[in-house]
Every structure is written in C-alpha cells, then in structure tokens.
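Read in my numbering, the sequence shown has 993 at position 11, and its numbers run on one by one without any break.
C-beta atoms are modelled at their ideal positions from N, C-alpha and C, and glycine is treated no differently.
The structure presented is a predicted model; accordingly, all values stated were derived computationally and were not measured.
Since the structure comes first, as structure tokens, the remarks are kept for the end.
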Amino acid sequence: QVQLVESGGGLVQPGGSLRLSCAASGRIFSANAMGWYRQAPGKERELVADITSGGGYTNYADSVKGRFTISRDNVKNTVYLQMNSLKLEDTAVYYCNFMRRPGPWGQGTQVTVSS
983 QVQLVESGGG LVQPGGSLRL SCAASGRIFS ANAMGWYRQA PGKERELVAD
1033 ITSGGGYTNY ADSVKGRFTI SRDNVKNTVY LQMNSLKLED TAVYYCNFMR
1083 RPGPWGQGTQ VTVSS
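Take a look at the structure:
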C-alpha cells in the first residue's frame, strides 16, 4: 500500500530556507511523477511544485517560482523541496503525493515562517 512520509519542516524566519523530504513507498517510485502540496489554515490544499518521473521536467506555482526547487532521488524513493527566501505566506502544512492516482495523504510536515 502507498505510504508517504514527509519531514524537514520547522520554524524559520522570513528569508530563511528549509529542505523538505518525502519518502514514498507502495508503488514503483521511478515510474511516477510526484508533487508537493501545501495547505494553509482555512485554505484548500494547493499544488506548489511537481516533477516528472525521471526528474527532467518541473513545474511551479507562480507564488513559489524562483524560490522553491523540487528534486527527486529515484534510488532513495524520495522527493525533496528546497525552499529559499521563505515568506510569511508560505506557512502551511506541506504534503507530497503521486501526481497520477494520488494515494492516501501522509501526516505532512509543518512549515512556519515567522519573525
């Protein structure tokens, strides 16, 4: 069965950086595009970045373009999200999932940007 375990969140000041990790299991990781999503309090979950199965192509939401970088390691079955120049509005719980046929959501990892 699909299992997604996110980690790496924390409390950071505006302008700071964090690197999130998501370990995925239950499917052939290297055959699947992956995405990072976030959900802020009172808001719907939104897709912030996605990456193709081989890692050759990436897409970003306009709100994070130029600041966030998605990458993956198909040996470790892990997808990453490097977040730089963090803003207050990046505060949210961050999740990863398969882009096609999303599995059950993991617990997410909390990112709080605060001065």
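- Going by DSSP, T1091 is part of the beta strand (DSSP E) stretching over T1091 to V1095.
- Under DSSP, G991 forms no beta bridge with any residue.
- Looking only at A1005, P1086 and R1049, the smallest Cα-Cα distance to V1057 is reached by A1005.
- At the C-beta level, L986 and C1078 come within 9 Å of one another.
- Runs of the alpha helix (DSSP H) lying entirely within the stretch 994-1074 and spanning at least 4 residues: none are present.
- If you draw a 10 Å sphere on the C-beta of G1088, you find 16 or more other C-beta atoms in it, and that means buried.
- Inter-residue distance for P996 and K1069 is about 5 Å (C-alpha atoms, whole angstroms).
- Per DSSP, the beta bridge partners of Q985 are S1007.
- A straight-line Cα-Cα distance of about 26 Å links S1035 and A1074.
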